[in-house]
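For the sequence shown, the numbering used here assigns the number 1 to the initial residue and increments by one for each residue that follows.
Report on the structure given below.
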Amino acid sequence: MTITKIKPGACGFNTIIEAKQVAPGHVYVKVISDCESLNKLNIGIVNAMEDLFGKFEDSKVYKRANECIKHVSCPVPCAILKTVEVEAELAVPRQVSIEIVKEEEK
């Protein structure tokens, strides 16, 4: 099983993704979140090859995100796919981060 913990930005909603490979290239995804919208995702089983190497518009994860998530900049859909990628043994687990800094103009 692969577990990913997402520390949110301004929304403050912590999220955990649990992924378990149930057959070669097929990963069951469970999302546990303080965010009501994310808890409605109900991703289920993801075909890793189709979702990871297809188009954004064809991704089961991004289709469900489009239906359920109110904030398009939410990092969770990407984190779900990164978790699936690791659980399907298509990538090694590595930290991913987005660092946003607002600098004052001089």
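Cβ coordinates follow ideal geometry from the N, Cα and C atoms, glycine included.
Original post:
Would you call the CB atoms of residue 13 and residue 38 closer than 9 angstroms?
Top reply: Result yes, Cβ atoms of residue 13 and residue 38 sit closer than 9 angstroms.
**OP:** Return helix, strand or coil for residue 18, following the three-state DSSP convention.
**Re:** Of the three classes helix, strand and coil, the one that applies to residue 18 here is strand, per DSSP.
**OP:** Please name the residue or residues paired with residue 26 in a DSSP beta bridge.
**Re:** The partner list for residue 26 (beta bridge, DSSP) reads 23 and 47.
Original post:
Can you give the Cα-Cα distance for residue 74 and residue 19, rounded to whole angstroms?
Top reply: Taking the Cα positions, residue 74 is about 19 angstroms away from residue 19.
**OP:** Note down the Cα distance separating residue 85 from residue 30, rounded to an integer number of angstroms.
**Re:** Each residue's Cα considered, the two are about 15 angstroms apart.
Original post:
Which residues in the same chain have their Cβ closer than 6 angstroms to the Cβ of residue 2, if we skip the five residues on either side of it in sequence?
Top reply: If you ignore the 5 residues before and after residue 2, its C-beta comes within less than 6 angstroms of the C-beta of 19, 83, 86 and 87, all in its own chain and listed in chain order.
Subject >> Where the alpha helix (DSSP H) through residue 63 begins and ends >> reply: Note, residue 63: alpha helix (DSSP H), 60-68.
Subject >> Span separating the alpha-carbon of residue 95 from that of residue 61 >> reply: In a straight line, the C-alpha of residue 95 is about 20 angstroms away from that of residue 61.
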